[in-house]
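Working notes for the structure below.
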Amino acid sequence: MFDEDIKIADFSDKTLKMADKPKPAQGAHEEYDIENAKGNTVKAKEFGAKLALLLVDNLDRFSAGEEESENTEIAVQRGILMTFAAIVCIENEIKSSVVSQIAENSFNEELQQNAPQLYSAVGASGALSFYYLAYRRGGEVDRRIGQTFAMLCSHDGDSVYQELGEAIYCWFLSYAVDQLKESGIV
Numbered sequence: 004m005f006d007e008d009i010k011i012a013d014f015s016d017k018t019l020k021m022a023d024k025p026k027p028a029q030g031a032h033e034e035y036d037i038e039n040a041k042g043n044t045v046k047a048k049e050f051g052a053k054l055a056l057l058l059v060d061n062l063d064r065f066s067a068g069e070e071e072s073e074n075t076e077i078a079v080q081r082g083i084l085m086t087f088a089a090i091v092c093i094e095n096e097i098k099s100s101v102v103s104q105i106a107e108n109s110f111n112e113e114l115q116q117n118a119p120q121l122y123s124a125v126g127a128s129g130a131l132s133f134y135y136l137a138y139r140r141g142g143e144v145d146r147r148i149g150q151t152f153a154m155l156c157s158h159d160g161d162s163v164y165q166e167l168g169e170a171i172y173c174w175f176l177s178y179a180v181d182q183l184k185e186s187g188i189v
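Per this note's numbering, residue 4 is the first one in the sequence shown, and the count goes up by one each step.
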């Protein structure tokens with residue numbers, strides 16, 4: 004870089020007013036006010052809580068034929084996968100970042116209250132990171148999610164577990180999107 008490429012701002016005439024300076028939080032406050040006026044903040048909180056309760060109610064919906072008493076880790080992995088599907092729904096389907104964050108916070112609070120072991124497992128396992136990697140790779144996301152589920156269940160390459168993971172993800176994501184539409188947020 005040459006000296007002639009560098010420009011030094013001259014504020015001696017004090018033409019820069021406070022209103023010209025960006026206020027980082029101003030946009031979020033305005034967005035919150037707009038979404039709150041529409042009723043979306045209340046709907047988001049209700050949606051997040053409802054989604055967590057639906058997840059808890061459906062934890063035993065899918066199994067690979069294993070005895071829960073023999074392998075509770077697989078049951079935990081099913082819950083983590085459904086949690087990931089819920090997060091994908093919230094993050095991708097809710098247009099407002101403020102409303103999305105409210106829904107996700109509500110989901111997490113309700114999950115923590117109603118399934119504390121699952122909530123702890125989600126935070127402690129690192130499984131969400133593997134799901135995000137599979138999700139962000141693009142192309143055949145459902146299949147990649149299924150493969151990741153099988154790996155996390157210690158059944159890497161097992162087509163039964165891959166298909167189970169794919170089915171859980173697709174079903175709960177679809178279920179969550181339907182519930183979101185019913186909520187009136189989108």
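Every residue gets a Cβ at the ideal spot worked out from N, C-alpha and C, and that includes glycine.
How would you label residue i, buried or exposed, when you count the other beta carbons within 10 angstroms and need 16 or more for buried?
{"i": "residue 42", "result": "exposed"}
{"i": "residue 58", "result": "buried"}
{"i": "residue 120", "result": "exposed"}
{"i": "residue 184", "result": "exposed"}
{"i": "residue 80", "result": "buried"}
{"i": "residue 45", "result": "exposed"}
{"i": "residue 4", "result": "For residue 4, the predicted model reports a pLDDT of 48, less than 50, meaning its position is unreliable and no value from the coordinates is stated."}
{"i": "residue 143", "result": "exposed"}
{"i": "residue 129", "result": "exposed"}
{"i": "residue 33", "result": "exposed"}
{"i": "residue 177", "result": "exposed"}
{"i": "residue 150", "result": "buried"}
{"i": "residue 47", "result": "buried"}
{"i": "residue 153", "result": "buried"}
{"i": "residue 118", "result": "buried"}
Give the C-beta separation of residue i and residue j to the nearest angstrom, bearing in mind that I take them to be a contact with Cβ-Cβ under 8 Å.
{"i": "residue 51", "j": "residue 109", "result": "3 Å"}
{"i": "residue 138", "j": "residue 180", "result": "Not quite, the Cβ-Cβ distance comes to about 15 Å (not below 8 Å), so this is no contact."}
{"i": "residue 106", "j": "residue 93", "result": "5 Å"}
{"i": "residue 89", "j": "residue 136", "result": "Actually they are not in contact, since the Cβ atoms of residue 89 and residue 136 sit about 18 Å apart, beyond 8 Å."}
{"i": "residue 148", "j": "residue 85", "result": "So it is not a contact: roughly 11 Å between Cβ atoms."}
{"i": "residue 56", "j": "residue 113", "result": "6 Å"}
{"i": "residue 122", "j": "residue 87", "result": "No, residue 122 and residue 87 are not in contact; Cβ-Cβ is about 13 Å, not under 8 Å."}
Thinking C-alpha only, which one of the options is nearest residue i?
{"i": "residue 82", "options": "38, 65, 177", "result": "65"}
{"i": "residue 164", "options": "131, 33, 146", "result": "146"}
{"i": "residue 175", "options": "49, 36, 61, 34", "result": "61"}
{"i": "residue 30", "options": "48, 127, 100, 95", "result": "100"}
{"i": "residue 36", "options": "140, 102, 141, 158", "result": "102"}
{"i": "residue 97", "options": "153, 126, 38", "result": "38"}
{"i": "residue 76", "options": "182, 166, 158", "result": "158"}
Hey, which unbroken runs of the alpha helix (DSSP H) at 4 residues or more fall wholly within the stretch 83-149?
Counting only runs that start and end inside the stretch 83-149, the alpha helix (DSSP H) elements of at least 4 residues fall at 100-117, 119-128, 130-139.
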